[in-house]
Every structure is written in structure tokens, then in C-alpha cells.
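One line per chain: the protein sequences are G and X, in this order.
All residue numbers for the first sequence refer to our numbering, where the first residue is 1 and numbers rise by one.
All residue numbers for the second sequence refer to our numbering, where the first residue is 1001 and numbers rise by one.
Think of the CB as a built atom: it goes at the ideal place given N, C-alpha and C, for glycine as much as any other residue.
Notes to accompany the following structure.
There are 2 protein chains.
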Amino acid sequence: MLRSCAMRLRTLGAKLARRPGAARRLFSSEKVIRKDYALPNPSWTKDLRLLFDQFMKKCEDGSWKRLPSYRQNPTQALHEFQARFVDSKLKKEEQMSKAQQFTRSFEEGLGFEYVMFYNKVEKRMVCLFQGGLHLQGVPGFVHGGAIATVIDITTGMCAFAEGVAMTANLNIDYKKPIPLLSVVVANSQLQKIEGRKLFISCAIQSIDEKTLYTEASVSQPTTEGRPDKNSGQCPMEALFIKLDPDKPLT
Amino acid sequence: MLRSCAMRLRTLGAKLARRPGAARRLFSSEKVIRKDYALPNPSWTKDLRLLFDQFMKKCEDGSWKRLPSYRQNPTQALHEFQARFVDSKLKKEEQMSKAQQFTRSFEEGLGFEYVMFYNKVEKRMVCLFQGGLHLQGVPGFVHGGAIATVIDITTGMCAFAEGVAMTANLNIDYKKPIPLLSVVVANSQLQKIEGRKLFISCAIQSIDEKTLYTEASVSQPTTEGRPDKNSGQCPMEALFIKLDPDKPLT
């Protein structure tokens, strides 16, 4: 499975590795003229604003960093990815210029309202998330696919801190449904690196950490024994493959 | 894990069981005045229209059935679920009436364009899916969270044919990225029922079945040995918990 996946990723991302550190620019102060959606707007509840303020304070000493977020992908590295990755037929149609980042394609407050903070030393990514009314699954609650999306972006950005990567495996246990318009915290952490394989955990909890909405089962035989620091439980984990053709997996 | 999940679901869905067969109305001819989104629209590509026509022909002898799809949940059973499930505070705010089904909350052609067909005898659900430009993950390709969503709705509806159920576990292997605007087929099948536990597989392939975009790893120890009929591989599997308080799991 990994062999097959790695082969494709190596081919697709071959040219990217010529720009080492490109992915890290996601976390740099590159000049941006587009709208940054990872900032408070009128749809944010008091809970989300309070949490945002708490994390912004943590950023003051440089231990944490807020990640900006756009409708189009912000980094040159990703644009290069597109240039080499996207089917030429699609590019000719010039439709791709109208494409928008899935999680930012909703009107304010109706979709994914979130902001992510990264701690470089702890290799930990936190996503503060408020699910809008257009993310409904069973009546009154956030859709399981939307929850999977929050997990994917949080663990994905945690992986990106290590280099350009794509999700290879996602194993999610849904423990309790998340009410629409509530605020939850996705806590993601890099657990292990094996060659190009990144193993990242994630758990979604209530603000007071008393309710665990989403947690883990360990699906990769190589990843056993990584209990969550606080609960002793193994949280949801995602496997990412780092794009680095100098060290092929196969 | 299952014990905890089942306890919550039993509590939440307690009253639902008083209306046996309610979930099956999803597949009935109940009178509906809302717009059905699971029908061709101008954004559908030729590929999606051709596939739709093929499956509509299969419906003529009654072996397959097209599932309608709405922005609000169509069944009385789900409305009752909301009445008992949603936090009273949220209900007071009357915001929930503005909630929309996640997968139908996009403008025509920009989000999830799909239609599902169900084969009752084979216990198999097929979803024909075209990913719009607002579902972008890495440039030019459908977001991993959007793919997880397609898997969740396809396996979820397959589960609903057996009774009201919620996703408990989702284990996804991403093998190859899906280009935006391309048409793929999600093929889902009920594999096993153990009490209230439903085990459902799903694989996403290209129309010609030559490309496997998403497949499985078996994550539940009770579900080994269910190879895919065609490929011999074990496709992605989802675990659902059926809401049936007469037979508690705990």
C-alpha cells in the first residue's frame, strides 16, 4: 500500500524537492495581499473570540504562531505543485483559476470558521473551529465529512511544517456528534517520522476538554504505542507521505 | 470505544425506535415538494450524464433505485431525531431552521455534484460524483476532506437502508488524488452486521475502473477477511452503529 502510494507521490512531487524549505514558507512572514480568513469576523461566537485571544497571547513570546489562511493556496511551493501536477487539459480550460480552497469557500459564518496555531518546539498544531449552519449532517450537528475535513487540515498543516506532504491514511473514530455553531479544539501532534512517513495524531475536544468528540484508533502496524499525553488514549492518527525524491520509499 | 459510543447513541436515539422503518422512507416514494438535487443540471459533464443515464436504465426493472437528495433532511425520522437530539438552547435560537445539508450547500456545479443509486438485493450503494471548483485541496485536486465526505455519505446511506445509523469509524487510504471536475464512482457495500454494528466497504474508482483513487485498510479486529469482489483488495471500510435501543450494545 505505502509502496504504491509513495511511488505515485514521488513521481508527482519530483520537481518540488528542488526547492527545499518551500513548504516552510507557509509559516513565514511572506507578503500577502489576499484576504486572511483566519481572523475574527462578526460570525465568531464569544467562545471562539476568547480562545483566539488566548492563543494570540501565547504568540507574543514566539512559542506559538498563528497561521494565515486564504481562499487560494498561499505558497509558491504549492503553485509549483499545481504547475507540475495538474492535468494539462484542465489547465487549458483555464477553469482552475476559479478554484477555491474547500474550507474557505463558504460565506462568512456558514461554513468552516477556524484559525490554526503552531508550536514549532512541540511540533503541535491547534485548530480552533466553529462549524457553521451549512455544514449540517444529522439535524443540528456537524457532518462527519466536515469533521474529517477539520482533522485533515489540522494534521495536514502539522505535516507541512516538516515539508510538502499529502495525506495517505486517515483513521477516525467518531465518539460524539459536534453541535452546529459550537466551538471545539482540534489538537494535533507529530508523533513519529520514519523516512518520508509522518505519523500525526489528532483529537477534537470541547473548550473545557471535558468532552472528547473525535479520537483515535491506531491503524498502522508501525505506529503502536503512542498514547495521548493527557488522557492516556491513542487519539486519531493520520499518516502523511513527505515528498522527497532524494530518499525514495520504494 | 464501541461501548461508550453505543451508550451515547442509545440515549440520543431512544425515541426513534418507536417508529420502526422510518429510515426506510428515505427510499420510499414519500411526497416531496423541495428541490431534488440528485438530478442532472447544466454543470454536469458529459461523463456524469452518461453514467446517470446508464444507472437510470438499471432502475427500470426495479433492481436499482435512485435516491433523491435535498438541502434539508427529507424524512420525518430525521426530524424526530432533531427534536430529541438538538440542544434546547440551540432550538430556542431558531437558527437551526437555516441549517443546510453540508453536501448540498454549494452553488450549482461548485461543490458536491452527485447522485446515489441503491441496489436492495445486493445491499450496495453507488455514488456518481463530480467535484466542483470550490472543493479544492492541493491545487487542481479535490480536498481529502471532501473525499472523506463522499465516502461518509455513500456508506452512510448504505447503512441507512438497514435502519437509522451514525458513523462510528472511518478508515481511509488515499491512493491517488482526484482531479477537480473529473467524475468518479464510489462503490459501497454492506459487508457484515453484528448486532447493531454495520460494516460497510467503499472504494472510489475512475469511470473505466482502471484507476483506484481511494481504498481500504481494515481497522476493526472483528472485520477481517472481506476482500473486494473484483480486485481481491480490502476496500475502505466504515463502521456504523445502528440505533436500536431494544438491543443495547452495552
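**Test: residue 171(G) CB closer than 9 Å to a CB of chain X** = yes
**Prompt:** Does residue 1098(X) come within less than 9 Å of chain G when only Cβ atoms are used?
**Reply:** Residue 1098(X) belongs to the set of residues whose beta carbon lies under 9 Å from a beta carbon in chain G.
**Asked** Do the stretch 143-155 of chain G and the stretch 103-117 of chain G make contact, defined as three or more Cβ pairs closer than 8 Å?
**Response** yes
**Message:** Taking 8 Å as the cut-off, does the stretch 64-73 of chain G touch the stretch 31-46 of chain G (at least 3 CB pairs, one atom from each stretch)?
**Reply:** yes
**Prompt:** To the nearest angstrom, how far is it from the Cα of residue 1141(X) to the Cα of residue 1214(X)?
**Reply:** 14 Å
**Prompt:** Counting along the chain, where does the alpha helix (DSSP H) carrying residue 1157(X) start and finish?
**Reply:** In this chain, the alpha helix (DSSP H) harbouring residue 1157(X) covers 1144-1160.
**Prompt:** Buried or exposed: which applies to residue 1042(X), given that a residue is buried once 16 or more other Cβ atoms fall within 10 Å of its Cβ?
**Reply:** exposed
**Request:** Using only alpha-carbon positions, find the residue among 1053(X), 1046(X), 1120(X), 1062(X) that is nearest to residue 1189(X).
**Result:** 1120(X)
**Request:** Give a yes or no on whether 9 Å exceeds the smallest Cβ distance from residue 1205(X) to chain G.
**Result:** no
**Request:** Determine the extent of the alpha helix (DSSP H) in which residue 54(G) is found, giving its start and end residues.
**Result:** Counting along the chain, the alpha helix (DSSP H) containing residue 54(G) begins and ends at 46-59.
**Message:** Using the Cβ count rule (16 or more neighbours within 10 Å means buried), how would you classify residue 1205(X)?
**Reply:** Residue 1205(X) is buried by the Cβ-count criterion.
**Request:** Output the distance between the C-alpha atoms of residue 166(G) and residue 1060(X), rounded to the nearest integer angstrom.
**Result:** 42 Å
**Prompt:** What in chain X is Cβ-close to residue 174(G), meaning under 9 Å?
**Reply:** 1005, 1166, 1167, 1168, 1169, 1170
**Prompt:** Are there 16 or more other CB atoms within 10 angstroms of the CB of residue 97(G), so buried, or fewer, so exposed?
**Reply:** exposed
**Cβ neighbour criterion (16 or more within 10 Å) applied to residue 1063(X)** = When all chains shown are included, residue 1063(X) counts as exposed.
**Message:** Rounded to whole angstroms, what is the Cα-Cα separation between residue 129(G) and residue 1054(X)?
**Reply:** 41 Å
**Within 9 Å of chain G by C-beta, residues of the stretch 1176-1205 of chain X in sequence order** = 1176, 1177, 1179, 1180, 1181, 1182
**Request:** Quickly, what does DSSP pair residue 1067(X) with across the bridge? List them, please.
**Result:** According to DSSP, residue 1067(X) bridges with 1116(X).
**Item:** Exposure of residue 208(G), with buried meaning 16 or more beta-carbon neighbours within 10 Å
**Value:** Exposed, by the Cβ-count rule.
**Request:** Within the same chain, show all residues whose beta-carbon is closer than 8 Å to that of residue 1180(X), passing over the 5 residues directly before and after it, in chain order.
**Result:** 1131, 1132, 1133, 1135, 1136, 1140, 1141, 1142
**Request:** Look up residue 138(G) in the DSSP assignment and give the residues it is bridged to.
**Result:** DSSP lists no partner for residue 138(G).
**Asked** If we call anything under 9 Å between Cβ atoms a contact, is residue 1200(X) one with residue 1191(X)?
**Response** Going by C-beta atoms, residue 1200(X) is nearer than 9 Å to residue 1191(X).
**Message:** I want to verify the contact list: residues of chain A whose CB lies under 7 Å from the CB of residue 129(G), in sequence order.
**Reply:** Structure shown: chain A not included; protein chains present are G and X.
**Request:** Write down the C-beta distance between residue 1118(X) and residue 168(G) rounded to the nearest angstrom, noting that I regard them as a contact closer than 8 Å.
**Result:** Not a contact, Cβ separation roughly 31 Å.
**Asked** Mind checking whether residue 1045(X) and residue 144(G) have CB atoms under 9 Å apart?
**Response** Cβ distance not < 9 Å, so residue 1045(X) and residue 144(G) don't count as in contact.
**Message:** Just to confirm before moving on: does the CB-CB distance between residue 1172(X) and residue 187(G) stay below 9 Å?
**Reply:** Against a cut-off of 9 Å, the Cβ pair of residue 187(G) and residue 1172(X) comes out as no contact.
**Item:** Whole-angstrom distance between residue 146(G) and residue 1058(X), CA atom to CA atom
**Value:** When rounded, the distance between both Cα atoms is 32 Å.
**Request:** Identify which residue in 1126(X), 1163(X), 1099(X) has its Cα closest to the Cα of residue 1183(X).
**Result:** Looking only at 1126(X), 1163(X), 1099(X), the smallest Cα-Cα distance to residue 1183(X) is reached by 1126(X).
**Request:** Could you work out which residues of chain X lie near residue 135(G), taking near to mean beta carbons separated by less than 7 Å?
**Result:** 1102
**Request:** Out of 160(G), 185(G), 211(G), 108(G), state which residue places its alpha-carbon closest to the alpha-carbon of residue 198(G).
**Result:** 160(G)
**Prompt:** For the candidate residues 202(G), 164(G), 108(G), 185(G), whose alpha-carbon lies nearest to that of residue 47(G)?
**Reply:** 185(G)
**Asked** For residue 168(G), which residues does DSSP report across the bridge?
**Response** Per DSSP, none; premise fails for residue 168(G).
**Asked** In chain order, what residues of the same chain have a beta carbon less than 6 Å from the beta carbon of residue 24(G), not counting five sequence neighbours either side?
**Response** Its pLDDT being 47, under 50, residue 24(G) is placed unreliably in this model, and the value from its coordinates should be taken loosely. The answer is none, since no qualifying residue turns up.
**Item:** Range of the contiguous beta strand (DSSP E) that encloses residue 1124(X)
**Value:** 1124-1131
**Request:** Answer yes or no: do residue 158(G) and residue 124(G) have a C-beta to C-beta separation smaller than 9 Å?
**Result:** yes
**Prompt:** Hey, does residue 1038(X) have any beta-carbon neighbour from chain G nearer than 9 Å?
**Reply:** no
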